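Under our numbering, think of the first position of the sequence shown as 1, with each following residue one higher.
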Amino acid sequence: MQKVNTDQSVKLEIPKNLMPLYRIMQPMDGKSILILGYGREGQATLSMLQKLVPGAKLTVADIRPQQLPEGVQGVFGDGYQNGLTGYDVVIKSPGIVLTDKSDAVLERVTSQTELFLRAYRKQVIGITGTKGKSTTTALTWHVLKSVRPDTLLMGNIGIPAFLQAESIGPETLIVYELSCHQLEYISVSPHVAVLLNLFEEHLDHYGTKEAYFNAKRNICRYQDADDIYFCNILQKDDVPEAKARRITMQQAPDAVADLSVIGREVHFDGNILPLPVGCTRLAGEHNLYNIGTAYGICRQFGVTDDQFMEALADFDPLPHRLQRVGTFDGVTYYDDSISTACETAIGAMKALAAEGVGSILLGGMDRGIDYTSLVDFLMQAPQDNPQFLILMPDSGMRVGEMLLEKGFDRERLIFTDELEQAVQKAKEVTPKGKVCLLSPAAASYGFFKNFEERGEFFQKYVMQK
């Protein structure tokens with residue numbers, strides 16, 4: 001503990017590991033601070049503010065009523081974002097869409113991610129991308145921790161950064177999954193930044209593809225010359241002002257990037273790492289790219305090929321990401337509820353093509369994304385792989401209509417009202433010995449709390465008689 005004199009002449013005992021964060025947050029002591037959104041991250045933010053800036057006047061705003069500690073004010077209901085300019089600082093939680101984006105509001109806005117990066121960024125490996133970021137983040141942490149036990153996992157993967165801050169020492173490595181929402185308003189970037197890919201997503205939040213892409217690009221925008229930026233080769237020139245050393249990545253038969261995934265081999269830094277069949281529990285060719293990325297990151301921290309392969313063999317895939325649920329009545333069910341884009345659904349079907357996709361469940365919240373690539377893939381795919389398309393509101397209806405306009409076989413399309421009915425139809429039509437795949441290519445919002453809840457209900461419906 002280190003004792004610190006505050007402006008209120010109160011001696012605070014600050015844990016040594018929190019001193020970098022304290023120095024960043026101390027100027028907020030005595031200010032009026034609004035915590036905008038009170039989910040897991042908002043709750044962790046409130047706790048840290050109470051610990052480090054006890055003289056601040058704290059308010060929580062959320063669309064839903066919340067139970068708050070004594071002394072903390074609350075603003076709830078439809079008008080919870082009214083009056084943001086009445087606070088000195090607004091700490092916004094991810095996913096909250098600002099209704100007022102005027103300069104007077106934005107100059108007050110910060111976030112837990114921004115504050116954390118300002119304190120610890122030199123120790124942070126930040127990983128983002130439209131798809132694959134959770135798997136790559138978890139695998140990178142798993143491998144690094146096997147070699148360097150003082151490695152922490154946090155961020156969008158479900159662990160708010162402030163909950164881990166007291167465990168951070170000067171040599172701690174931090175593997176931080178960063179969502180577009182966490183990146184949207186930051187003006188500081190991690191020491192190692194990783195941008196896996198960019199696909200059209202989250203148009204309901206950002207309005208345009210370019211606005212969404214720009215949020216993602218903040219992961220490298222504010223790096224220094226001694227930082228490292230791993231980026232998909234397609235994104236290598238997207239942020240010309242970025243100063244970091246760039247390492248390009250690509251997965252293709254003729255890949256020419258700095259880190260190339262060619263078939264089942266990773267080519268990087270003059271070395272070739274074979275990934276033989278059976279070396280990992282991660283399914284699908286798309287995961288070879290995630291593995292290759294994790295390998296490139298881990299090589300920066302002295303991990304050998306043997307150490308990497310040993311840890312890779314021991315890594316369990318995350319739930320709801322092409323997760324094998326089990327075989328029931330001769331049909332094998334896979335939960336890929338994480339799929340919210342065309343590319344991920346296509347990747348899942350390709351990954352399971354050898355087993356034979358007897359049915360795929362598609363659809364969810366319609367955010368206006370372009371489904372042309374998915375429709376084109378389905379038009380060209382063999383008629384028995386996938387054999388049946390089970391379509392759910394809202395976007396599944398649009399995909400079905402697009403397919404019918406192109407002459408797709410109407411008998412292979414099954415329109416349903418919701419997930420439970422879709423699973424029941426899948427049980428009726430999926431041929432024995434084949435796969436039933438949930439890979440919706442759509443967000444879960446409006447029907448479920450998140451993709452995890454959607455996957456849990458899918459598994460429940462699969463198992464019920």
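Each residue gets a CB set at the ideal place from its N, CA and C atoms; glycine is no exception.
None of the values given here were measured: they were computed from a predicted structure.
If you measure between the beta carbons of residue i and residue j, is that distance less than 7 Å?
i	j	result
Phe199	Ala341	yes
Thr248	Ile228	no
Thr137	Glu201	no
Val435	Thr327	no
Arg118	Val53	no
Gly364	Ser439	no
Cys467	Val239	With the chain covering only 1 through 465, there is no way to say anything about residue 467.
Ile360	Pro386	yes
Ser93	Gly39	yes
Phe458	Val429	no
Lys350	Met379	no
Leu18	Glu210	no
Val105	Leu84	yes
Val60	Ile35	yes
Thr45	Ile14	no
Pro20	Arg121	no
Gln50	Thr113	no
Ser395	Ala442	yes
Lys425	Ile414	yes
Closer than 8 Å by C-beta to residue i: which residues in its own chain qualify, once you throw out the five before and the five after it? Chain order, please.
i	result
Leu173	Gln123, Ile125, Leu144, Arg148, Asp150, Thr151, Leu152 and Phe301
Asp224	Lys243 and Ala244
Asp7	The predicted model places Asp7 with a pLDDT of 48, which falls under 50 and marks its position as unreliable; any figure quoted below should be read in that light. Same-chain partners within the cutoff: Asp29, Gly30 and Gly55.
Whose C-beta lies closer than 7 Å to the C-beta of residue i among residues of the same chain, with five residues either side of it excluded?
i	result
Met515	One cannot answer for residue 515 here, as it falls past the ends of the chain, which runs 1 to 465.
Ser9	Unreliable positioning characterises Ser9 in this predicted model, as indicated by a pLDDT of 40, which lies under 50. A coordinate reading is not provided.
Pro65	Phe76
Leu352	Tyr334, Val435 and Leu437
Lys216	Thr128, Cys180, Leu183, Leu195 and Leu198
Distance check for residue j and residue i, CA to CA, integer angstroms please.
i	j	result
Gly158	Leu58	24 Å
Lys133	Ile127	6 Å
Gly37	Asp204	18 Å
Leu362	Leu419	10 Å
His286	Gly129	13 Å
His142	Ala311	7 Å
Asn197	Arg321	17 Å
Asp88	Ile33	6 Å
Leu273	Met397	44 Å
Met402	Ala283	30 Å
Gln383	Arg246	43 Å
Lys427	Asp62	41 Å
Phe408	Pro317	35 Å
Tyr206	Asp100	14 Å
Pro276	Leu374	29 Å
Ile291	Val256	18 Å
Asn214	Glu184	8 Å
Gly446	Thr304	45 Å
Thr135	Gly71	40 Å
Glu411	Gly400	11 Å
Val325	Pro319	10 Å
Phe315	Asn82	46 Å
Phe162	Met48	7 Å
Gly42	Lys131	25 Å
Phe462	Asp329	The question names Phe, yet the displayed sequence has Val at residue 462. So the two alpha carbons sit approximately 11 Å from each other.
Asn218	Met154	18 Å
Taking the continuous beta strand (DSSP E) assigned at residue i, which residues delimit it?
i	result
Ile35	Ser32 to Leu36
Gly326	Gln323 to Phe328
Phe415	Leu413 to Phe415
Asp305	Counting along the chain, Asp305 falls outside any beta strand (DSSP E), though it belongs to the alpha helix (DSSP H) covering Asp305 to Ala313.
Gly74	Gln73 to Phe76
Ala443	Element bounds for Ala443: n/a, residue is neither H nor E.
Ala61	Lys57 to Asp62
For the alpha helix (DSSP H) that residue i lies in, which residues bound it at each end?
i	result
Ala426	Leu419 to Val429
Val462	Phe451 to Met463
Leu52	Arg40 to Leu52
Excluding sequence positions up to five away, which residues of its chain have a Cβ less than 6 Å from the Cβ of residue i?
i	result
Ser260	Gln250 and His267
Glu453	none
Gln307	Val147
Thr140	Val175, Ala294 and Ile297
Gly74	Val60 and Leu68
Arg281	Pro317
Gly455	His320, Asp335 and Ser337
Pro160	Arg40, Glu41 and Ala44
Asp258	Ile247 and Thr248
Taking 6 Å as the cut-off, is the CB of residue i close to at least one heavy atom of the ligand GTP?
i	result
Pro54	With respect to the ligand GTP, the structure shown offers nothing to examine, as it has no ligands at all.
Just checking: is the beta-carbon of residue i within a distance shorter than 7 Å of some beta-carbon in chain D?
i	result
Ala348	No chain D is present in this structure, which holds just one protein chain.
* To do: Please go through the segment 222-282 and give each complete beta strand (DSSP E) segment of 3 or more residues, from N-terminal end onward.
  => 228-232, 245-251, 259-262, 265-268 and 271-274
* **Any beta strand (DSSP E) of 3 or more consecutive residues that is wholly inside the segment 132-205** => 151-155, 173-177 and 192-195
* Jot down the residue ranges of each uninterrupted beta strand (DSSP E) in the segment 88-135, minimum 3 residues, whole runs only, in chain order. => 89-92 and 124-128
* Length-filtered (3 minimum) beta strand (DSSP E) runs lying within the segment 324-402 -> 331-335, 357-362 and 388-391
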